[in-house]
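These notes are about the structure you will find just below.
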Amino acid sequence: MFISTLGQADQKPSVKITLGEWPPFITESQQHRGFVTHLIHDVLSEAGYAPAFAFYPWTRAYKTAALGRANAAAVWMHKAEREQDFYYSEPVLNEEFVFFHLKASNFEWSEIADLSQYKLGGILSSSYGKEFDDALKQGKINIDLAPNNQVAFLKLLAGRIDALPLEKSVGLASIREQFTPEQQALITFHPKRLLENHSFLLVSKALENSPQIIEDFNQILMKYRKDGRYQAYFDRFEAGEYDLEPSN
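Residue numbers are given in the working numbering: position 51 of the sequence shown equals residue 58, and the series is strictly consecutive.
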């Protein structure tokens, strides 16, 4: 069921967007369904549309929009075969993979070869980019894998690993949600990026008004990037402003 935050009296054309659960970017466990959903909502609203959102399993979210039963799907990385079904927006999300480490450590790196001196953590079935993965396969670096983020951060706090590569927003959310303020204060991340990925709003080619939607969305999104409003969503997320209040 698609839910709009606008009143029935609003005459803006409706845009239905399918979502998949992807915390902390898009999730029912955060205010505004996550800060990326909030960004998409506000961009579309300023572009003159009434956005409505519905969560589905990822495969169904894609198919629902591809068949034209929704206007768009959020958010997806680029694959050439998806261009048969969708128009791609300008990048909505830049995922930044960084190394989390203890503030008390002397962790420093500038190139992959520098990592050989450290005990690194990681998450099972995760990839950290071709250069990192190749170095791992060649035995140039070692990694201690964990089943999830919480276990990996526990290893970091215990000194069993020196650094943990993880998407920055995902890591910050895990730290806030799973650890005490005292533990949180011990952890930081290195400013150098290990990897950057882009994700996009996909607008269905099955509907006639899609070219106009993608044009309007891109225009306002780029305006947000230029005037600083885009970054403000990420800043508010990092400050914990999207966290839901714990229930009594």
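Every residue, glycine too, gets a C-beta built ideally from N, C-alpha and C.
In this structure, A111 lies away from G129, with their beta-carbon atoms at least 9 angstroms apart.
Rounded to the nearest angstrom, the gap between the Cα atoms of E97 and S133 is 26 angstroms. Residue A159 holds the alpha-carbon nearest to the alpha-carbon of R167 among S181, V22 and A159. Remark: three or more beta-carbon pairs, one from each stretch, lie closer than 8 angstroms, so the stretch 33 to 51 and the stretch 69 to 82 are flagged as touching. Secondary structure of V99 (DSSP, three-state): coil. When Cβ pairs closer than 8 angstroms are counted between the two stretches, the stretch 204 to 223 is seen to touch the stretch 88 to 97, the count reaching three or more. Annotation for F139: I119 and L201 place their beta carbon closer than 7 angstroms to its own, counting only its chain and skipping 5 residues before and after.
A straight line joining the alpha-carbon of E245 with that of N149 spans about 30 angstroms.
Of the residues A57, I221 and Q91, the one whose Cα lies closest to the Cα of K70 is Q91. The residue from W29, Y135 and K147 with its alpha-carbon nearest to that of D121 is K147. For the options L173, N216 and A54, the alpha carbon positioned closest to that of L127 is the one of L173. Between E28 and F62, the gap from beta carbon to beta carbon is short of 9 angstroms.
Exclusion of the five residues before and after I221 leaves Y94, S96 and V210 as the residues of its chain whose Cβ lies within less than 7 angstroms of its Cβ. For D151, the beta-bridge partners assigned by DSSP are G128. Residue burial is scored here from C-beta neighbours: T187 has fewer than 16 other C-beta atoms within 10 angstroms and is therefore classed as exposed.
At a cut-off of 3 residues, the continuous stretches assigned as beta strand (DSSP E) that sit fully inside the stretch 33 to 75 are 57 to 62. DSSP places E248 outside any alpha helix (DSSP H), giving it a letter other than H or E. Taking each of F196, S117, F224 and A73 in turn and checking the Cα distance to G178, the smallest one comes out for F196. DSSP places S21 in the uninterrupted beta strand (DSSP E) bounded by S21 to L26.
With 16 or more other CB atoms across the displayed protein chains lying within 10 angstroms of its CB, R40 is buried. Boundaries of the beta strand (DSSP E) harbouring S206: L202 to S211, taken from the DSSP string.
Here DSSP, grouped into helix, strand and coil, assigns F114 to coil.
Taking C-alpha positions only, R232 is separated from L131 by approximately 34 angstroms. T25 is not a Cβ neighbour of A87, given a cutoff of 9 angstroms.
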